[in-house]
């Protein structure tokens, strides 16, 4: 039971992190390969706040999220004005730098030996409360003029500009919110595991987040949530296969991408209406698009 | 009446190629001006300069007394110049309704906190956006298809949706880049009626690139003819049609190939 509750807590934490990446990749069309950096900053900042200041848990969590958002500003500011590739490369680089810094700042972070003794304050209730709140707030953001402007950038940046949308501004907004969610997830993780180690935020973690978004489907909040749930449970279910775990995980992801390139719910939300239509009749084939779009 | 748009000595060079040379244009409010010329004459480059997508090499673009040369596209759009594209650029994965709603964003000015917490201000302004978007969809007769995904629309409807999205900006000047491309004679006749009606009912000023001569000749007040980046004729549709240089460069070609 304790084991299941533990997995459920991690599921909640992953939902928050994946949601952040989903907003950026899935809704704004800005690709990131270094989102673990924001989780790391959030995790270490909130853990250190708890250990050194003893402030209330929620304040420390907010501090972690705020630190991650602050980190996003110098990363996004110079690169989001340029074409997409620059930001991807910068995000990769920054993620490596953050991990290296944490490893080398022994005095503060515990370095490669890790940071231990963080009080386990991330109860399943708090985690799920925050996860559900994040889903609702992100959903609200997307379904507003600001969110629609982000989506317009994903769909066609040039056309978006011709309807008076400033690409830099909305990419920056999406990045900062996304980093905040990453930092929040990091803080929750730190107070769940009780120990932090730089390797928890290595490239693999960033990659996992990207895979979760693609697997769930671009432009779908419910897809991302579902995908976070499935992809957190999957490795646990495969635990019996020990070292073959990641191989099978990888193969499954590849199969999904080949069989369903749009992900579980590409550009769609899992709503009651959607389910009703799905079970009533097979979907009519979509009309062939006529005329180019790019 | 002062001109809405004044373009003087506009030139664009791409490396060694002069795409547009010494282009001059004045449009008064409410006018419908046609820009014609053979393929590669530089018409779209003129549009791209007017909308900030390409920076002019030389010359000046003045819109309502403001110089546009160095402004980014989104600021020019904000000032009131909307456009459509020759190769349609819709938000293809969104519905028809969402396409137009997105373009109505300037109606609202609520912030992030209003949006995530759904404040009263958010709800009020969103209601206004929805109403404006639906009204435009009715105008362009896409209301019945508002929940269809844009990419699934038939070609003619995609063109109309792009115009609807441009109208959602409530522009003062509308630039239409070959709106009748790929349309049959009946569709293009309907379209010219629609454009003419837009100009009158919306008091819009329109600059139109078009290959369909019937569209241009029926509804334009004035026509400018480009060839190899140079302006070879300007005047009323009838004058331009009778101009020997135009016949040679453009209409003549068509006759020869017919």
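Chains as they are written, first to last, in the numbering used here: chain A, 1 to 294; chain B, 1 to 258.
Glycine included, each C-beta is placed from N, C-alpha and C at the ideal position.
All values reported here derive from a predicted model rather than from experimental measurement.
Start-to-end residues for the alpha helix (DSSP H) that takes in residue i
i, result
"residue 194 of chain B", "185-202"
"residue 122 of chain B", "120-139"
"residue 242 of chain B", "237-242"
"residue 159 of chain B", "155-167"
"residue 70 of chain B", "Residue 70 of chain B -> no alpha helix (DSSP H), and no H or E assigned at all."
"residue 17 of chain A", "2-21"
"residue 257 of chain A", "245-259"
"residue 96 of chain A", "84-104"
"residue 99 of chain B", "96-103"
"residue 148 of chain A", "145-155"
"residue 44 of chain B", "43-50"
"residue 191 of chain A", "167-193"
"residue 212 of chain A", "203-216"
"residue 214 of chain B", "213-219"
"residue 43 of chain A", "36-53"
Interface flag, residue i vs chain A, CB-CB below 8 Å
i, result
"residue 103 of chain B", "yes"
"residue 8 of chain B", "no"
"residue 73 of chain B", "yes"
"residue 94 of chain B", "yes"
"residue 46 of chain B", "no"
"residue 259 of chain B", "Nothing about residue 259 of chain B can be reported from this structure: the residues present for chain B run from 1 to 258 only."
"residue 78 of chain B", "yes"
"residue 215 of chain B", "no"
"residue 115 of chain B", "yes"
"residue 51 of chain B", "yes"
"residue 242 of chain B", "no"
"residue 4 of chain B", "no"
is_contact[residue i, chain B] using C-beta, thresh 8 Å
i, result
"residue 206 of chain A", "no"
"residue 141 of chain A", "yes"
"residue 162 of chain A", "yes"
"residue 220 of chain A", "no"
"residue 103 of chain A", "no"
"residue 73 of chain A", "no"
"residue 284 of chain A", "For residue 284 of chain A, the predicted model reports a pLDDT of 46, less than 50, meaning its position is unreliable and no value from the coordinates is stated."
"residue 65 of chain A", "no"
"residue 144 of chain A", "yes"
"residue 126 of chain A", "no"
Rounded Cβ spacing between residue i and residue j (contact assumed at less than 8 Å)
i, j, result
"residue 128 of chain A", "residue 12 of chain A", "5 Å"
"residue 224 of chain B", "residue 249 of chain B", "No, residue 224 of chain B and residue 249 of chain B are not in contact; Cβ-Cβ is about 13 Å, not under 8 Å."
"residue 206 of chain A", "residue 35 of chain A", "5 Å"
"residue 206 of chain B", "residue 174 of chain B", "5 Å"
Between the CA atoms of residue j and residue i - distance to the nearest angstrom
i, j, result
"residue 51 of chain B", "residue 184 of chain B", "29 Å"
"residue 257 of chain A", "residue 208 of chain B", "44 Å"
"residue 178 of chain B", "residue 34 of chain B", "10 Å"
"residue 114 of chain B", "residue 276 of chain A", "32 Å"
"residue 19 of chain B", "residue 228 of chain B", "7 Å"
"residue 1 of chain B", "residue 28 of chain B", "7 Å"
"residue 137 of chain B", "residue 147 of chain B", "11 Å"
"residue 74 of chain A", "residue 40 of chain B", "43 Å"
"residue 72 of chain B", "residue 140 of chain A", "29 Å"
"residue 84 of chain A", "residue 74 of chain B", "18 Å"
"residue 19 of chain A", "residue 134 of chain B", "31 Å"
"residue 14 of chain B", "residue 38 of chain B", "19 Å"
"residue 129 of chain B", "residue 180 of chain A", "29 Å"
Test item: CB-CB of residue i and residue j under 8 Å
i, j, result
"residue 233 of chain A", "residue 7 of chain A", "yes"
"residue 21 of chain A", "residue 209 of chain A", "yes"
"residue 217 of chain B", "residue 237 of chain B", "yes"
"residue 92 of chain B", "residue 155 of chain A", "yes"
"residue 57 of chain A", "residue 197 of chain A", "no"
"residue 122 of chain A", "residue 184 of chain A", "no"
"residue 269 of chain A", "residue 222 of chain A", "yes"
"residue 23 of chain A", "residue 178 of chain A", "yes"
"residue 47 of chain B", "residue 162 of chain B", "no"
"residue 173 of chain A", "residue 69 of chain A", "no"
"residue 77 of chain B", "residue 107 of chain B", "no"
"residue 202 of chain A", "residue 14 of chain A", "no"
"residue 249 of chain A", "residue 235 of chain A", "yes"
"residue 302 of chain B", "residue 12 of chain B", "Because residue 302 of chain B is not part of the residues shown, which for chain B are 1 to 258, the question remains open."
"residue 108 of chain A", "residue 40 of chain A", "no"
"residue 27 of chain A", "residue 88 of chain A", "no"
"residue 240 of chain B", "residue 165 of chain B", "no"
Span of the beta strand (DSSP E) around residue i
i, result
"residue 21 of chain B", "17-27"
"residue 114 of chain B", "No beta strand (DSSP E) holds residue 114 of chain B; the alpha helix (DSSP H) holding it covers 112-117."
"residue 206 of chain B", "205-209"
"residue 224 of chain B", "222-227"
"residue 7 of chain B", "5-14"
Proximity test, residue i beta-carbon vs the ligand PLP heavy atom, cut-off 7 Å
i, result
"residue 245 of chain A", "The ligand PLP is absent from the structure shown, which contains no ligands of any kind."
Within chain E, partners of residue i - CB distance below 8 Å
i, result
"residue 188 of chain B", "Given the protein chain composition of this structure (A and B), no chain E is represented."
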